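Taking it in order: structure first as structure tokens, then the write-up.
In my numbering, the protein residues as written are 30 to 698.
What follows is the structure in structure tokens.
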């Protein structure tokens, strides 16, 4: 009974080994890993989840996130596949390795006469020389061809076995062992201990936006973490001894055993303003160093220190100092304000009884955008500096703005460009504010201030009605006052709600059959009042519109009332103009620790060597059966190759021809 059970257990083990070592299984796992690696290469890894939601939408984002496509190389199933491939390939090496090694040294000296005759490549000769002489001649020629020859004496014949390229078998071993080595290196850099600690909640991912010093201890990794890939932005003159590891929808803080200081950051640009190259001067501060280590890194030229590799990955703003001017847009009681702030900082903004917050999020010195010229060709143009900010309400709701410092040209006229959006999922909607003859925004803002001044609007309405009724002196006072009230209301509605509010007023207060004529009359009256207010603005600038308004000033008026008619969509009490800035740059560094890297490199070298051996070194064998017959000495010469049969057929003809020549055979039997 015991022996039967032992046999059963052995049989089960043999089946399991055969399954694990099967080529079909290994190829299936390898193809799956290859597909996952392609996904990991095409799909940018470890980005913010908000960007993935924008790209794929909520449904596909959740689907991709659930199967770990945002961190393919560290997800549990990818590491499991690597482990399974490691096990399968190791079993394959264990099962077939000894056989291949034996095959390299096994010359098969027991080849039978009839077996050699059955070879596809064979020659049969009859010679009159002595057997020993034939043996020596055949051996000499095979050795001359680069074969290693072994000889075995049988009862009445001798078998010569020759082999060349036996190292080809090492190619199979090298390729399989290389896969094992690569998998081991990948698993080391996959940081399995960290993944297990996250599964057991010993390590928790932090999702809140907070300073690194306030991150809980459960989300901080010590400097003994064996493998990681993290990033950190360092402003000029500052240093950091941590990096952030982006994991799923949060991050972990990774401590470093040294501090990295950014001494200086330099960037070169093309004439269009596009970045050409950038580099960082770094200083490594470590207690183990007699003095700080200073090195310069650039793209593809990292700094390697204590097994850590510091790459130049990107650049960003490092907290630029901005000087702003806040122009009121919605209330004549608000004053123009001079503000100062830093990128990544907040500036309080009091609007009546409500306290808003300006969150400066980004400053860009260059903005490269496509522009279509008069010839229809599109070229890249630098729009100059811009800054992005969020205007946050006390309720927490925020709108995002991007304002350009310099005006841009469109159709021969200049505009200040400002974009707004309610969420990052939306594109920016742009407002184009016209400039005056000095390419300044002041005329527009003065015009806007006049429209918000109730007394001046009332006065302009009276002047407009007076001009309209100049030829009707007998008009009743009630009619005159009614027209003044209507004109005043139109401008007030226009200033606060834009053209949309006037359209809504007409639709709700005028019968449908009279709306078209009423709308035309209202808009003509509105334009006349706005024109009178605009003349006041020009007069305040020292111009003399009574002598005529220039074409440029007329075009400005048309642009200005068009913008103000849609200003209600630009939901902000102030327009923030960038007046001046002090640019502070930050270097984006990627710091990695990959102890398995050298192991992977070793595996790659072995893989290349193995593939070279398999494809470029042919394992070839030749045999010569030499024995006495009634006709003299019979020689059966045969050969085989593990691949490239067509090439070997030519080689065999050449080798056999030279052997025959050595034997003095002029005609093949």
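Glycine residues also receive a C-beta, built at the ideal position from the N, C-alpha and C atoms. On a predicted model such as this, the values are computed, not experimentally measured, just so you know.
Cβ of residue i within 8 Å of any chain C Cβ
{"i": "residue 358", "result": "You won't find chain C in this structure, because it holds only one protein chain."}
Residue from the options whose Cα sits closest to the Cα of residue i
{"i": "residue 412", "options": "447, 421, 429", "result": "447"}
{"i": "residue 458", "options": "664, 599, 174", "result": "599"}
{"i": "residue 251", "options": "261, 271, 267, 260", "result": "271"}
{"i": "residue 110", "options": "123, 57, 68, 87", "result": "57"}
{"i": "residue 241", "options": "212, 586, 283, 253", "result": "283"}
{"i": "residue 327", "options": "344, 320, 334", "result": "344"}
{"i": "residue 659", "options": "124, 118, 157", "result": "157"}
{"i": "residue 138", "options": "179, 98, 166", "result": "179"}
{"i": "residue 289", "options": "196, 617, 45", "result": "617"}
{"i": "residue 450", "options": "577, 460, 443, 441", "result": "460"}
{"i": "residue 597", "options": "689, 114, 477, 486", "result": "477"}
{"i": "residue 681", "options": "126, 253, 176", "result": "176"}
{"i": "residue 47", "options": "86, 98, 121", "result": "121"}
{"i": "residue 566", "options": "623, 473, 556", "result": "473"}
{"i": "residue 103", "options": "129, 160, 75", "result": "75"}
{"i": "residue 236", "options": "256, 280, 512", "result": "280"}
{"i": "residue 118", "options": "509, 55, 79", "result": "55"}
{"i": "residue 578", "options": "466, 372, 441", "result": "466"}
{"i": "residue 510", "options": "497, 491, 496", "result": "491"}
{"i": "residue 71", "options": "60, 42, 101", "result": "101"}
{"i": "residue 438", "options": "106, 424, 410", "result": "410"}
Cut-off 8 Å between Cβ atoms - residues of its own chain near residue i, not counting five sequence neighbours on either side
{"i": "residue 743", "result": "The structure shown has nothing for residue 743, since the chain only spans 30 to 698."}
{"i": "residue 231", "result": "247"}
{"i": "residue 615", "result": "262, 263, 264, 265, 291, 294, 344, 345, 346, 347, 348"}
{"i": "residue 571", "result": "none"}
{"i": "residue 113", "result": "58"}
{"i": "residue 525", "result": "359, 597"}
{"i": "residue 159", "result": "662"}
Classification of residue i by the beta-carbon crowding that lies within 10 angstroms, buried from 16 upward
{"i": "residue 77", "result": "exposed"}
{"i": "residue 96", "result": "exposed"}
{"i": "residue 679", "result": "exposed"}
{"i": "residue 493", "result": "buried"}
{"i": "residue 341", "result": "buried"}
{"i": "residue 299", "result": "exposed"}
{"i": "residue 685", "result": "buried"}
{"i": "residue 533", "result": "exposed"}
{"i": "residue 185", "result": "exposed"}
{"i": "residue 673", "result": "exposed"}
{"i": "residue 67", "result": "exposed"}
{"i": "residue 193", "result": "buried"}
{"i": "residue 507", "result": "exposed"}
7 Å CB neighbourhood of residue i in its chain, flanking five on each side removed
{"i": "residue 470", "result": "445, 462, 464, 606"}
{"i": "residue 210", "result": "628, 631, 632, 635"}
{"i": "residue 377", "result": "384, 386"}
{"i": "residue 608", "result": "352, 353, 354"}
{"i": "residue 196", "result": "642, 646"}
{"i": "residue 374", "result": "389"}
Same chain, Cβ closer than 6 Å to residue i, five either side skipped, listed in chain order
{"i": "residue 323", "result": "312"}
{"i": "residue 435", "result": "413"}
{"i": "residue 593", "result": "none"}
{"i": "residue 626", "result": "none"}
{"i": "residue 307", "result": "296, 344"}
{"i": "residue 487", "result": "517"}
{"i": "residue 430", "result": "418, 449"}
{"i": "residue 548", "result": "535"}
Near the ligand GTP: residue i beta-carbon under 7 Å from a heavy atom
{"i": "residue 538", "result": "For the ligand GTP, the structure offers nothing, since it holds no ligand at all."}
ask   = Which whole runs of the alpha helix (DSSP H) in the region 197-270 are 4 residues long or more, in chain order?
value = 197-218, 221-228
ask   = Counting only runs that start and end within the region 162-197, where is the beta strand (DSSP E) found for 3 or more residues in a row?
value = 177-182, 186-193, all fully within the region 162-197.
ask   = Would you say the region 577-586 touches the region 364-376, given that touching needs at least three Cβ pairs under 8 Å?
value = no
task = Ignoring anything shorter than 3 residues or poking outside the region 640-685, list the beta strand (DSSP E) runs there in chain order.
result = If we require 3 residues or more, the beta strand (DSSP E) runs fully inside the region 640-685 come out as 649-658, 661-670.
ask   = Does the region 301-320 come close enough to the region 394-411 to have 3 or more Cβ pairs within less than 8 Å?
value = Judged by Cβ distances under 8 Å, the region 301-320 makes contact with the region 394-411, as three or more pairs qualify.
query = Is the number of C-beta pairs between the region 130-147 and the region 659-672 that are closer than 8 Å three or more?
reply = yes
Cβ pair count under 8 Å reaching 3, the region 348-359 against the region 592-606 = yes
query = In chain order, which continuous runs of the beta strand (DSSP E) of length 3 or greater are located wholly inside the region 279-317?
reply = Along the region 279-317, the beta strand (DSSP E) occurs as fully enclosed runs of 3 or more residues at 279-298, 304-314, listed in sequence order.
query = At which residue ranges does the region 94-129 contain complete beta strand (DSSP E) runs of 3 or more residues, listed in the order of the chain?
reply = none
request  = Enumerate, from N- to C-terminal direction, the unbroken beta strand (DSSP E) stretches of 3 or more residues contained entirely within the region 358-427.
outcome  = 366-371, 375-380, 383-393, 397-401, 407-411, 415-421
inquiry  = Does the region 520-532 come into contact with the region 480-491, if we say contact requires no fewer than three beta-carbon pairs (one atom in each stretch) closer than 8 Å?
reply    = Counting Cβ pairs under 8 Å, three or more are found: they touch.
Complete beta strand (DSSP E) runs within the region 599-630 (minimum length 3 residues, chain order) = Whole beta strand (DSSP E) segments, 3+ residues: 603-611, 614-622.
key: Three CB pairs or more closer than 8 Å across the region 635-653 and the region 185-205   = yes
inquiry  = Check whether the region 646-658 and the region 214-229 touch, using three or more Cβ-Cβ pairs below 8 Å as the test.
reply    = no
query = Where in the region 530-585 do unbroken runs of the alpha helix (DSSP H), each at least 4 residues long, occur, reported from the N-terminal end onward?
reply = Counting whole runs of 4 or more residues, the region 530-585 contains the alpha helix (DSSP H) stretches 544-569.
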